[in-house]
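**Student:** Can you keep this structure in mind? I'll have questions shortly.
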Amino acid sequence: MFDDIQLKNYSELHGALDALLEENLNITANLANASALLNHFLKDINWVGFYLYDEQLEKLVLGPFQGKPACTTIEVGKGVCGTAYRGNDVFIVDNVEEFPGHIACDARSKSEIVLPIYKDDKGIGVLDIDAPIYERFDEEDRVGLIEVVEIIKKYL
Numbered sequence: 005m006f007d008d009i010q011l012k013n014y015s016e017l018h019g020a021l022d023a024l025l026e027e028n029l030n031i032t033a034n035l036a037n038a039s040a041l042l043n044h045f046l047k048d049i050n051w052v053g054f055y056l057y058d059e060q061l062e063k064l065v066l067g068p069f070q071g072k073p074a075c076t077t078i079e080v081g082k083g084v085c086g087t088a089y090r091g092n093d094v095f096i097v098d099n100v101e102e103f104p105g106h107i108a109c110d111a112r113s114k115s116e117i118v119l120p121i122y123k124d125d126k127g128i129g130v131l132d133i134d135a136p137i138y139e140r141f142d143e144e145d146r147v148g149l150i151e152v153v154e155i156i157k158k159y160l
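Counting in our numbering, the sequence shown runs from 5 upward without gaps.
Structure, rendered in structure tokens:
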């Protein structure tokens, strides 16, 4: 469906994501397609996906993703994902080795951005993106990916 489309900027990504997700209201299918689209669009990344909050486990659990196999659970408040989720705050980490308590699922990852997903004050999970280079993510990524999360939330 998107093989021939070359998305040039976040605005185009947002339009493509909205069109892709409106076809299906299943959360797993939508998050799988969102991670695939982000993997196609974003350059210099090695992992993109979702960790979803499991109320019974009281942990974040691996959801749809693109990349190498990953950690299956993350405690709330631990690592970049758990910290971002607990504080409902976007984290950009220029060097993951300098983040206290960083959880290394892929040793190639050097930088990371994590965006919490909350809807109606209820924690859903996080969007996690890793890169094999330092300082990969910037303000443009933060703003563009916040809008990605907003689009995803419309279909949850």
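Yeah, the Cβ is synthetic: ideal placement off N, Cα and C, and Gly gets one too.
Just to check my reading of the structure: Pro120 and Tyr89 have Cβ atoms closer than 8 Å, yes? What is that Cβ distance to the nearest angstrom?
**Tutor:** Between Tyr89 and Pro120 the Cβ distance is about 5 Å, and since that is below 8 Å, they are a contact.
**Student:** In the DSSP output, which residue or residues are listed as bridge partners for Ser115?
**Tutor:** Paired residue(s): Ala135.
**Student:** Let's see if you can read the secondary structure: which residues bound the alpha helix (DSSP H) around Lys157?
**Tutor:** Per DSSP, Lys157 belongs to the alpha helix (DSSP H) from 143-158.
**Student:** Could you tell me whether the stretch 110-120 touches the stretch 81-96, using the rule of 3 or more Cβ pairs below 8 Å?
**Tutor:** Short answer: they touch.
**Student:** How far does the alpha helix (DSSP H) with Phe45 in it extend, from its first residue to its last?
**Tutor:** Per DSSP, Phe45 belongs to the alpha helix (DSSP H) from 31-45.
**Student:** May I ask which residues mark the beginning and end of the beta strand (DSSP E) holding Val97?
**Tutor:** 95-97 is the extent of the beta strand (DSSP E) around Val97.
**Student:** Express the C-alpha separation of Leu25 and Glu62 in angstroms, rounding to a whole number.
**Tutor:** So the two alpha carbons sit approximately 28 Å from each other.
**Student:** My assumption, with CB atoms under 8 Å, is that Pro2 sits in contact with Phe54. Please give the rounded CB distance.
**Tutor:** The requested residue 2 does not occur in the structure, where the chain is confined to residues 5 to 160.
**Student:** Could you give the residue range of the alpha helix (DSSP H) that holds Val84?
**Tutor:** First-last of the alpha helix (DSSP H) with Val84: 83-91.
**Student:** How long is the line joining the alpha carbons of Asp142 and Ile49, rounded to whole angstroms?
**Tutor:** Straight-line Cα distance between these residues: approximately 13 Å.
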